[in-house]
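Visitor: Have a look at the structure that comes next, please.
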Amino acid sequence: MNDAPHIVLYSHDTFGLGHLRRSRKIAMTLVDRFCNAHATIITGSDLSSRFPAHDRIHFAPIPQIEKQPDGSYRPADPQLTYEQVIEARSQAIMEALKRRPADIFITDKEPLGLSGELMPALGYLKTCGATLVLGLRDVLDDTALLRSEWERKGIYERIEGLYDHIWIYGTESFYHPLREMGLPASVLSSCSFTGFLYRSLGQAGAPALPADLPEDYLLVTAGGGGDGDFVMNAVVDAYEQDAEITMPAVLLLGPYADPQEAHAIRARAQGTGRMHVIDFDSEPEGLIRRASAVVGMCGYNTFCEVVSRNKKALFVPRQTPRLEQYIRASRAAELGWCRMAPEAVASRPLDFAAAIRALIADDVPVGAGIDAHGLERIGDAVETILHDRNEQSIQLARAER
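All you need for the working numbering is the position in the sequence shown, starting with 1, plus 46.
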């Protein structure tokens with residue numbers, strides 16, 4: 047096996063925390079399993095410094111691009127055009143790889159990178175003999191919408207033979223994001239399902255919780271918080287309208303919550319006398335562990351952490367600009383893993399209050415049977431890849447003698 051394998055993870059991170067947290071979760075698992083391995087996360091997020099440091103996980107920042115509510119993108123630096131930022135990001139990725147070559151390169155979600163920014167790097171990595179992996183969420187979007195998006199981005203023209211492996215971070219029985227995409231058989235045959243990604247920090251590894259948290263509480267979380275004000279306001283509305291909800295709530299706003307919205311939510315929450323507000327927690331597992339029940343939006347990471355812990359959950363999935371969360375929540379509710387309240391229900395305070403009270407009253411654990419061993423299987427796959435790469439190196443060295 048290679049003496050010091052280097053695993054590089056690409057996370058375009060244009061909105062929220064999902065891509066960065068998933069990449070970091072994988073990196074943490076791999077450096078813990080392989081004591082001499084190093085990982086680099088190439089990221090467009092400005093929040094990497096707010097996560098606990100690890101001496102063998104490094105961040106390679108690239109210029110930031112912001113995703114808008116309608117799904118469009120714009121540079122964080124208003125003095126640059128979108129095309130200029132993509133070119134700068136592409137160059138930064140290439141420079142990072144040339145400084146420290148990758149043995150394994152894992153792309154999160156975007157096969158070609160944002161607006162094709164990865165294509166030069168992927169070509170370079172192939173010439174260097176790196177193993178290329180595409181990692182996909184369990185659900186990407188509605189199939190018709192995803193096909194249209196991939197056609198527009200030119201993915202169909204380039205995907206065949208581009209990656210050595212495609213890892214789908216879920217189970218085939220739950221959802222297959224590529225089955226109806228009309229992809230070549232060779233692409234589908236390179237897919238494998240890892241199971242859902244869940245990494246338990248344990249009591250010792252989780253950050254200390256605020257001392258003033260109530261013993262039993264309803265946790266309300268919206269991931270990065272950039273589009274979470276609807277859920278937060280819906281819960282506050284329900285608590286204001288229904289005094290029968292006696293369980294206190296903890297609102298985890300997220301680092302991207304709009305400052306004005308966050309200020310208003312905080313003031314209203316305080317007025318209920320039954321709410322505690324937290325701005326940001328880089329490792330929310332401790333809050334989830336202590337919670338009696340959870341209300342969330344059903345982003346991938348929240349879903350994995352909540353359902354894998356068998357927590358009672360009520361998901362309010364967003365339906366724009368993607369149907370990803372709605373599809374995931376609907377399928378999970380169908381399997382009995384959670385409750386779901388569409389936005390139309392959450393927008394009616396008394397109806398939503400009734401849904402919250404029903405959630406709190408549930409006495410049957412959810413999530414039973416979910417396969418949450420994805421990180422372990424990724425570790426197994428990486429071990430096989432590194433072993434095969436080492437065997438090839440030995441054979442090549444013998445042939446050159």
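Yeah, the Cβ is synthetic: ideal placement off N, Cα and C, and Gly gets one too.
Since the structure is predicted, the reported quantities are computational estimates derived from the model, not experimental observations.
Report, in whole angstroms, the separation of the C-beta atoms of Val282 and Leu333, which I expect to be a contact under 8 Å.
Guide: For this step, residue 282 is matched to residue 236 along the sequence shown. For this step, residue 333 is matched to residue 287 along the sequence shown. With a Cβ gap of about 18 Å, Val282 and Leu333 do not count as contacting.
Visitor: Look at Gln287 and Pro395 and say whether their C-beta atoms are less than 7 Å apart.
Guide: Numbered from its first residue, the sequence shown carries residue 287 at position 241. Numbered from its first residue, the sequence shown carries residue 395 at position 349. Contact flag set, yes.
Visitor: Could you give the residue range of the alpha helix (DSSP H) that holds Trp196?
Guide: As a first step, residue 196 is located in the sequence shown; it is residue number 150 there, counting from the start. Here the alpha helix (DSSP H) through Trp196 covers 189-199.
Visitor: Using alpha carbons as the reference points, say which of Pro51, Ala99, Cys81 lies closest to Arg70.
Guide: Taking the sequence shown and counting its residues from 1, one reaches residue 70 at position 24. Minimum Cα distance to Arg70 is reached at Ala99.
Visitor: Verify whether the separation of the beta carbon atoms of Lys358 and Ala339 is less than 7 Å.
Guide: Taking the sequence shown and counting its residues from 1, one reaches residue 358 at position 312. Taking the sequence shown and counting its residues from 1, one reaches residue 339 at position 293. Cβ distance < 7 Å, so Lys358 and Ala339 count as in contact.
Visitor: Return the chain-ordered list of same chain residues with a C-beta closer than 8 Å to the C-beta of Gly269, the five sequence neighbours on each side being excluded.
Guide: By 1-based counting over the sequence shown, the position of residue 269 is 223. So the qualifying residues of the chain are Gly62, Leu63, Gly64, Gly300, Gly342, Met343, Gly345, Asn347, Thr348.
Visitor: I'd like the span of the beta strand (DSSP E) that includes His222, first residue to last.
Guide: Position 176 of the sequence shown, counted from the first residue, corresponds to residue 222. His222 -> no beta strand (DSSP E), and no H or E assigned at all.
Visitor: According to DSSP, simplified to helix, strand and coil, what is Asp103?
Guide: Here residue 103 refers to the residue found at position 57 when the sequence shown is read from its first residue. The sequence as given places Ile at residue 103; Asp does not occur at that position. Three-state result, Ile103: strand.
Visitor: Please confirm whether Arg320 and Tyr372 have their CB atoms less than 7 Å apart.
Guide: Stepping through the sequence shown from its first residue, residue 320 is reached at position 274. Stepping through the sequence shown from its first residue, residue 372 is reached at position 326. Cβ atoms of Arg320 and Tyr372: not closer than 7 Å.
Visitor: Grab me the residues of Phe151's own chain with a C-beta within less than 6 Å of its C-beta, minus the 5 sequence neighbours each way, in chain order.
Guide: Numbered from its first residue, the sequence shown carries residue 151 at position 105. So the qualifying residues of the chain are Val54, Leu171, Ala176, Leu178.
Visitor: With a 10 Å radius around its C-beta and 16 neighbouring C-beta atoms as the bar for buried, classify Arg225 as buried or exposed.
Guide: Here the question's residue 225 lines up with position 179 in the sequence shown. Flag for Arg225 reads exposed.
Visitor: Could you name the residues of the same chain whose beta carbon sits closer than 6 Å to that of Phe276, not counting the 5 residues immediately before and after it, in chain order?
Guide: In the sequence shown, the residue the question calls residue 276 occupies position 230. Closer than 6 Å at Cβ, skipping near neighbours: no residue.
Visitor: Check the DSSP bridge columns for Val266 and list the partner residues they point to.
Guide: Here residue 266 refers to the residue found at position 220 of the sequence shown. According to DSSP, which records beta bridges pairwise, Val266 is partnered with Leu297, Val341.
Visitor: Report the CB separation of Arg385 from Ala400 in whole angstroms; it is logged as a contact under 8 Å.
Guide: Mapped onto the sequence shown, residue 385 falls at position 339. Mapped onto the sequence shown, residue 400 falls at position 354. 11 Å between Cβ atoms; not a contact.
Visitor: Measuring straight from C-alpha to C-alpha, what distance separates Leu243 and Arg183?
Guide: Locating residue 243 in the sequence shown gives position 197, counting from the first residue. Locating residue 183 in the sequence shown gives position 137, counting from the first residue. Computed Cα separation, rounded: 10 Å.
Visitor: Can you find the residues in the same chain that come closer than 7 Å, C-beta to C-beta, to Phe239, ignoring five residues on each side of it along the sequence?
Guide: Along the sequence shown, one-based indexing puts residue 239 at 193. For Phe239, where only same-chain residues beyond five positions count, the Cβ hits under 7 Å are Ile214, Gly216, Thr217, Glu218.
Visitor: Is DSSP giving Glu261 helix, strand or coil here?
Guide: Mapped onto the sequence shown, residue 261 falls at position 215. Coil.
Visitor: Which same chain residues, not among the five before or five after Thr189, have their C-beta less than 6 Å away from its C-beta?
Guide: Position 143 of the sequence shown, counted from the start, is the residue given in the question as residue 189. Closer than 6 Å at Cβ, skipping near neighbours: Glu226.
Visitor: In chain order, which continuous runs of the alpha helix (DSSP H) of length 4 or greater are located wholly inside the segment 61-95?
Guide: 64-79, all fully within the segment 61-95.
Visitor: Ile88: which of Arg145, Ser118, Gln130 sits nearest, CA to CA?
Guide: Stepping through the sequence shown from its first residue, residue 88 is reached at position 42. The shortest C-alpha separation from Ile88 is found at Arg145.
Visitor: Pull up the distance between the alpha-carbon of Phe105 and that of Asp409, whole angstroms please.
Guide: The sequence position of residue 105 within the sequence shown is 59, counting from 1. The sequence position of residue 409 within the sequence shown is 363, counting from 1. When rounded, the distance between both Cα atoms is 43 Å.
Visitor: So within the segment 114-150, which uninterrupted beta strand (DSSP E) runs reach at least 3 residues, ignoring any that extend past its ends?
Guide: You should have 119-121.
Visitor: Hey, quick one: how far does the alpha helix (DSSP H) through Arg335 stretch, first residue to last?
Guide: For the purposes of this step, residue 335 is taken as the residue at position 289 of the sequence shown. Unbroken alpha helix (DSSP H) run through Arg335: 331-336.
Visitor: How big is the Cα-Cα spacing for Tyr302 and Ile324?
Guide: Within the sequence shown, the letter at position 256 stands for residue 302. Within the sequence shown, the letter at position 278 stands for residue 324. Rounded to whole angstroms, Tyr302 to Ile324 spans 13 Å at the Cα level.
Visitor: Which one of Ile424, Met165, Ser91 has the shortest CA to CA distance from Pro109?
Guide: The residue labelled residue 109 in the question sits at position 63 within the sequence shown. Among Ile424, Met165, Ser91, the Cα nearest to that of Pro109 is on Ser91.
Visitor: Assuming contact is defined by CB atoms lying nearer than 7 Å, are Thr86 and Gly425 in contact in what I supplied?
Guide: Here residue 86 corresponds to residue number 40 of the sequence shown, with the count starting at 1. Here residue 425 corresponds to residue number 379 of the sequence shown, with the count starting at 1. No, these two residues do not count as a Cβ contact at 7 Å.
Visitor: Taking the alpha-carbon of His58 as reference, which of Asp116, Arg193, Pro157, Ser95 has the nearest alpha-carbon?
Guide: Indexing the sequence shown from 1 puts residue 58 at position 12. Nearest of Asp116, Arg193, Pro157, Ser95 to His58, Cα basis: Pro157.
Visitor: Does the beta-carbon distance from Asp417 to Gly241 come in below 7 Å?
Guide: Counting from one through the sequence shown, the residue named residue 417 turns up at place 371. Counting from one through the sequence shown, the residue named residue 241 turns up at place 195. Yes.
Visitor: Reducing DSSP to helix, strand and coil, say where Ala387 ends up.
Guide: Reading the sequence shown from its first residue, position 341 is the one you call residue 387. Coil, per DSSP.
Visitor: Check Ala400 in the structure and name its three-state DSSP category.
Guide: As a position in the sequence shown, residue 400 is number 354, starting the count at 1. Here Ala400 sits in helix by DSSP.
Visitor: If Ile291 and Arg403 are in contact, beta carbons under 8 Å, what's the gap, nearest whole angstrom?
Guide: Position 245 of the sequence shown, counting from 1, holds the residue named residue 291. Position 357 of the sequence shown, counting from 1, holds the residue named residue 403. Between Arg403 and Ile291 the Cβ distance is about 6 Å, and since that is below 8 Å, they are a contact.
Visitor: What does the alpha-carbon distance come out to for the pair Arg120 and Glu133?
Guide: In the sequence shown, residue 120 corresponds to position 74, counting from 1. In the sequence shown, residue 133 corresponds to position 87, counting from 1. Answer to the nearest angstrom: the Cα atoms are 14 Å apart.
Visitor: I'd like the list of long-range same chain contacts for Ala250, defined as Cβ closer than 7 Å, with 5 residues on each side in sequence excluded.
Guide: Taking the sequence shown and counting its residues from 1, one reaches residue 250 at position 204. Residue placement at Ala250 cannot be trusted, given a pLDDT of 49 that sits under 50; what the coordinates show is reported in the next sentence. Cβ neighbours of Ala250 beyond the five flanking positions: none.
Visitor: For a test of your reading of the model: does the CB of Pro121 fall under 6 Å from any non-hydrogen atom of the ligand GDP? Yes or no.
Guide: Of the ligands one can find in the structure shown there are none, so the ligand GDP has no counterpart to examine.
Visitor: For the alpha helix (DSSP H) holding Tyr170, just list the boundary residues, first then last.
Guide: As a working note, residue 170 is residue 124 in the sequence shown. It spans 165-174 - the alpha helix (DSSP H) in which Tyr170 sits, taken as one unbroken run.
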